[in-house]
Amino acid sequence: MNAVLATILKRLGLGIATLFVVSAIIFSSISMLPGDFGQSVLGQSATKETVAAFRKELGLDKPAPVRYFEWLGAVLKGDLGTSFSGRNASGQDRSRKVSDLVMPRLWNTLFLAGVTAVIAVPLALFLGLTTALYRNSAYDRTVNAATLTTISTPEFFVAYILILLLASLWPVFPSLANVDASTGLGERLYRVALPALTLTLVIVAHMMRMTRAAIINLLASPYIEMARLKGASRSEIILKHALPNAWAPIATVIAFNLAYLVVGVVVVEVVFVYPGIGQLMVDAVTSRDIPVVQACALIFAATYILLNLTADIIGIVTNPRLLHPR
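Structure, rendered in structure tokens:
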């Protein structure tokens with residue numbers, strides 16, 4: 010267990026260092042965005058002195074390294090800053106805390122990701138196991154062809170096809186996933202059905218194909234051959250012998266796809282006008298609301314790194330060479 014703990018701590022340290030580097034990349038990338046918030050608010054007719062005074066009020070006149078470390082220090086204290094969106098040319102300040110803007114949207118995104126995961130993960134495991142069990146059959150070829158098609162199709166195209174079929178030609182679900190804090194659970198599930206179905210079709214292929222490949226690879230192992238010689242059935246071989254040793258690669262691909270559900274949901278949220286953190290980030294980029302963009306990008310990065318660390322830890326814990334060293 011000492012080797013396991015040491016490896017886990019090493020991965021955690023690497024994850025924290027990665028997040029620090031990513032935060033610097035986020036800040037520098039956003040700083041290089043074209044356009045200026047002060048100029049866009051005050052208008053083209055504003056004098057240089059007025060724009061300079063407005064930028065000073067927002068703290069945009071400071072050197073980039075100073076602004077970065079001030080922002081990083083505030084984030085470490087749990088302060089994501091104040092949105093620029095409440096500022097206007099009249100000098101009135103109706104801006105809100107970034108956390109007040111982000112947290113409700115983050116909850117919506119996590120809800121959509123959770124609904125999708127509840128559907129996609131069991132479905133992918135079932136398809137992966139059954140296609141491995143009936144390898145090279147018509148069922149295996151059909152499922153592989155279908156998943157290869159969905160994995161090769163951009164998510165926005167899948168979304169528009171589903172809108173055409175299930176919201177226009179056969180109006181089963183709404184085409185707009187407009188929810189708010191007062192929306193009940195049943196109504197919320199109904200409205201996010203199409204976004205969740207879109208994401209399910211996109212990510213289930215990755216998980217299903219990795220599960221299938223991991224199981225098939227293990228079926229060639231000597232201990233599987235011994236189980237066959239003892240008279241174990243195909244289902245017993247896969248469920249009792251192959252699957253427990255395939256959790257590491259399967260958990261890794263599941264974690265990658267769960268990270269995609271939070272990080273890569275931007276396109277789907279924009280298509281369905283879903284009030285999630287991805288839609289908020291797109292709106293903030295359009296209005297050059299720098300604190301909101303930075304907060305959303307940092308949350309995306311932290312989520313991706315955290316889920317990848319989780320996958321690494323699962324792979325480490327399930328590694329017999331670490332659990333039972335010679």
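For any residue, its number in this note's numbering is found by taking its place in the sequence shown, counting from 1, and adding 9. For each residue, glycine too, the CB sits at the ideal point set by N, CA and C. This one's a predicted model, so the numbers in the text were calculated from it and none came from an experiment.
Where residue i sits in the DSSP three-state scheme
i      : result
LYS65  : helix
THR91  : strand
LEU42  : coil
GLY287 : helix
TRP179 : coil
SER191 : coil
ASN117 : helix
SER244 : helix
ALA155 : helix
LEU203 : helix
ILE237 : With the sequence shown as reference, residue 237 is identified as Arg, and Ile is not the correct amino acid for it. It is helical.
ASP70  : coil
ASP298 : coil
ARG221 : helix
ALA249 : Ala is not the amino acid found at residue 249; the sequence shown has Lys there. Helix, per DSSP.
GLY273 : coil
ASN254 : helix
TYR313 : helix
Cβ neighbours of residue i in the same chain (closer than 6 Å, five flanking residues each side left out)
i      : result
ALA293 : VAL301 and VAL302
TRP80  : none
C-alpha gap between residue i and residue j, whole angstroms
i      : j      : result
PHE165 : LEU178 : 18 Å
PRO74  : GLY90  : 17 Å
SER94  : VAL13  : 47 Å
ILE259 : GLU245 : 19 Å
SER99  : ASP298 : Confidence in SER99 is poor, its pLDDT being 47 and thus under 50, which makes the residue's placement unreliable; the coordinate value appears in the next sentence. Their Cα atoms are separated by approximately 18 Å.
ASP189 : LYS65  : 36 Å
ASP88  : LEU208 : 32 Å
ASN266 : ASN254 : 20 Å
LEU69  : VAL84  : 18 Å
ARG221 : ALA214 : 10 Å
ALA147 : ILE323 : 34 Å
ARG3   : LYS249 : Only positions 10 to 335 of the chain appear in this structure, which leaves residue 3 out of reach.
PHE135 : THR27  : 34 Å
THR261 : ALA320 : 5 Å
ALA62  : ARG218 : 57 Å
SER7   : ASN153 : Past the edges of the chain, shown from 10 to 335, lies residue 7, and the structure says nothing about it.
LEU315 : GLY24  : 8 Å
LEU42  : SER230 : 53 Å
GLY240 : ALA141 : 19 Å
Bridge partner(s) assigned by DSSP for residue i
i      : result
LYS106 : THR91
Nonlocal neighbours in the same chain, by C-beta distance under 8 Å from residue i, ignoring five residues either side
i      : result
ALA33  : TYR77
TYR143 : ASP149
VAL167 : THR159, THR207, LEU210 and VAL211
LEU252 : LEU138 and ILE224
LEU289 : LEU110, VAL111, ARG114, VAL301 and CYS305
Beta-carbon separation (whole angstroms), residue i vs residue j, contact threshold 8 Å
i      : j      : result
ILE286 : VAL111 : 6 Å
VAL277 : PRO204 : 5 Å
ILE308 : LEU21  : Not a contact, Cβ separation roughly 19 Å.
LEU121 : VAL201 : 5 Å
MET216 : VAL130 : 7 Å
ALA268 : THR312 : 6 Å
THR125 : LEU270 : 6 Å
PRO284 : ASN11  : About 47 Å; that fails the 8 Å criterion.
Cβ-based neighbour list, residue i, same chain, cut-off 7 Å, excluding 5 preceding and 5 following
i      : result
LEU206 : LEU171
ALA223 : ALA255, PRO258 and ILE259
LEU228 : ALA251
LYS57  : none
VAL181 : LEU175
LEU185 : PHE281 and VAL282
VAL272 : PHE309, THR312 and TYR313
Below-8 Å beta-carbon distance, residue i vs any chain B residue
i      : result
VAL111 : No chain B appears in the structure shown, which is made up of a single protein chain.
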